[in-house]
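Heads up, the thing below is written out as structure tokens.
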Amino acid sequence: AVGSDRLALAGRFTDDSIRTLDALGDDLNHNDKNPKGGDKKLLTRQLSVRESSQDNNGLNSYPGFGACGLSNLGNTCYANSALQCVSYLPLMRAYLLSGSYKTNGDLNRDNPLGTGGKLLDEFADLMRILWSGKYSHRAPTRFKGQLGKAKRQFMGTDQQDAQELLNAMLDALHEDSNKVKKKPYVPSLEDDWVEKTPLPIVGREAWRRFLRRNRSLVANVAMGQLLNYVTCPTCNHTSRNFDPFNMLSIPFPTVADVIFRIKVVRRGTALNCRYSLGSFSIHDYDKSGSGDVNIS
3 AVGSDRLALA GRFTDDSIRT LDALGDDLNH NDKNPKGGDK KLLTRQLSVR ESSQDNNGLN
63 SYPGFGACGL SNLGNTCYAN SALQCVSYLP LMRAYLLSGS YKTNGDLNRD NPLGTGGKLL
123 DEFADLMRIL WSGKYSHRAP TRFKGQLGKA KRQFMGTDQQ DAQELLNAML DALHEDSNKV
183 KKKPYVPSLE DDWVEKTPLP IVGREAWRRF LRRNRSLVAN VAMGQLLNYV TCPTCNHTSR
243 NFDPFNMLSI PFPTVADVIF RIKVVRRGTA LNCRYSLGSF SIHDYDKSGS GDVNIS
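In our numbering, the protein residues as written are 3 to 298.
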């Protein structure tokens, strides 16, 4: 077994497994002062991997699918971390590597909110390089240049915020693959109807209206909606509405001994999750006084 969290080709190793070869070489030198010819070949092979990993061309003698790093283009480590995160979304990766966005006609080059499909094409090419099993590291020069053209704040090589880049990149990829070519006007939900309608029905209707203007794989795998309560301090009237999001920010506590317990429920309903819509309200949460945060 290869000591790595990434897939490797059969009979090959990733760079992470070089430590295993190091340990094996130390054992050979310790137990046998005159190793056999096969052991010499193993140690020679180990040395060649170390040398090749330092080459500028980024070729990897023991490639593994996805075991490819991204070189910094200045202070762009923030961008590399965000790209690697998106690279490990299985559905997104399969969608791009298979070219389904082209064969299905999802590539939207006429969307004024997108980049004309250029950023999606560049990211798909970068994904093919990362998962080709040929390189140990590559510089995302073309993708970084295209992202800088679309979002001017990321044009240079200065340090930026990874969350802001991830938010901008997901939004651009969504618009480039949006199946809705001409977005219709969708009115917002009426407050009177929202007040007297159960939350599950309100949530489904809000998401249905959102999908009338936004239908893409990014919306399916990386978007959701949040339920917000707004209370007027004068009349104490509370209004509720659903807002779409593509990421959730969890603040770190300033006190070291505060512990948050998070329970993730996939496909949560009123039957398997008591905090789901229809069985739990914000007032119940306030009265409970518990520090549990449940996401469904």
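By construction, the Cβ of each residue, glycine as well, lies at the ideal position given by its N, Cα and C atoms.
For residue j and residue i, the rounded distance between their alpha carbons
{"i": "S218", "j": "D108", "result": "8 Å"}
{"i": "L98", "j": "K104", "result": "9 Å"}
{"i": "S83", "j": "Y137", "result": "18 Å"}
{"i": "F125", "j": "E197", "result": "43 Å"}
{"i": "M94", "j": "V220", "result": "7 Å"}
{"i": "R111", "j": "N74", "result": "30 Å"}
{"i": "G119", "j": "V257", "result": "45 Å"}
{"i": "F262", "j": "R268", "result": "19 Å"}
{"i": "N230", "j": "F156", "result": "31 Å"}
{"i": "M129", "j": "I203", "result": "39 Å"}
{"i": "S89", "j": "L228", "result": "25 Å"}
{"i": "S179", "j": "P200", "result": "33 Å"}
{"i": "A141", "j": "V260", "result": "40 Å"}
{"i": "T78", "j": "A164", "result": "9 Å"}
{"i": "L213", "j": "P189", "result": "13 Å"}
{"i": "C237", "j": "T271", "result": "33 Å"}
{"i": "C87", "j": "S134", "result": "17 Å"}
{"i": "K151", "j": "E177", "result": "16 Å"}
{"i": "A96", "j": "P235", "result": "49 Å"}
{"i": "Y187", "j": "N106", "result": "25 Å"}
{"i": "C275", "j": "R206", "result": "17 Å"}
{"i": "N243", "j": "G76", "result": "42 Å"}
{"i": "R211", "j": "D160", "result": "39 Å"}
{"i": "H139", "j": "D173", "result": "26 Å"}
Buried versus exposed call for residue i [16 or more other C-beta atoms within 10 Å across all chains shown]
{"i": "T335", "result": "Any question about residue 335 goes unanswered here, given that the chain covers just 3 to 298."}
{"i": "V295", "result": "With a pLDDT of only 42 at V295, under 50, the local geometry of the prediction cannot be trusted, and no value is derived from it."}
{"i": "N113", "result": "buried"}
{"i": "T143", "result": "exposed"}
{"i": "D194", "result": "exposed"}
{"i": "K183", "result": "exposed"}
{"i": "M249", "result": "exposed"}
{"i": "S241", "result": "exposed"}
{"i": "K146", "result": "buried"}
{"i": "D123", "result": "buried"}
{"i": "G303", "result": "Given a span of 3 to 298 for the chain in the structure shown, any question on residue 303 remains unanswerable."}
{"i": "L273", "result": "exposed"}
{"i": "L72", "result": "buried"}
{"i": "C301", "result": "Since the first residue shown for the chain is 3 and the last is 298, residue 301 is missing from the structure and cannot be characterised."}
{"i": "H239", "result": "exposed"}
Nearest candidate by alpha-carbon position, reference residue i, set the options
{"i": "M171", "options": "N238, F67, L115 and N106", "result": "L115"}
{"i": "E166", "options": "G119, E207, H176 and K153", "result": "K153"}
{"i": "L85", "options": "L175, D160 and N106", "result": "L175"}
{"i": "D245", "options": "N274, D160, A208 and G76", "result": "A208"}
{"i": "I264", "options": "T271, I252 and N274", "result": "I252"}
{"i": "G101", "options": "G76, T78, D127 and C79", "result": "D127"}
{"i": "Q162", "options": "N106, H139, Y80 and C234", "result": "Y80"}
Integer Cβ distance of residue i from residue j, believed to fall under 8 Å
{"i": "R215", "j": "K185", "result": "4 Å"}
{"i": "L191", "j": "L149", "result": "In fact, because the Cβ distance is near 35 Å, the residues do not count as touching under 8 Å."}
{"i": "F247", "j": "G226", "result": "6 Å"}
{"i": "V223", "j": "L91", "result": "6 Å"}
{"i": "G68", "j": "L168", "result": "No, G68 and L168 are not in contact; Cβ-Cβ is about 19 Å, not under 8 Å."}
Residue i at chain B interface by Cβ criterion, 8 Å
{"i": "V188", "result": "The chain inventory of the structure shown lacks chain B, comprising one protein chain alone."}
Residue i Cβ short of 7 Å to the ligand NAP heavy atom set
{"i": "V223", "result": "This structure lacks the ligand NAP, and indeed carries no ligand of any kind."}
Please specify which runs of the alpha helix (DSSP H), each continuous and at least 4 residues long, are wholly inside the region 83-107, giving them in chain order. Counting only runs of 4 or more, we get 92-99 and 102-105.
Those runs of the beta strand (DSSP E) which lie wholly inside the region 176-226 and span at least 3 residues: You should have found no qualifying run.
Going residue by residue through the region 100-161, where are the continuous beta strand (DSSP E) segments of at least 3 residues, counting only ones entirely within it? Listed in chain order, there is nothing to give.
Jot down the residue ranges of each uninterrupted beta strand (DSSP E) in the region 225-265, minimum 3 residues, whole runs only, in chain order. The region 225-265 contains these whole beta strand (DSSP E) runs: 226-233 and 240-247.
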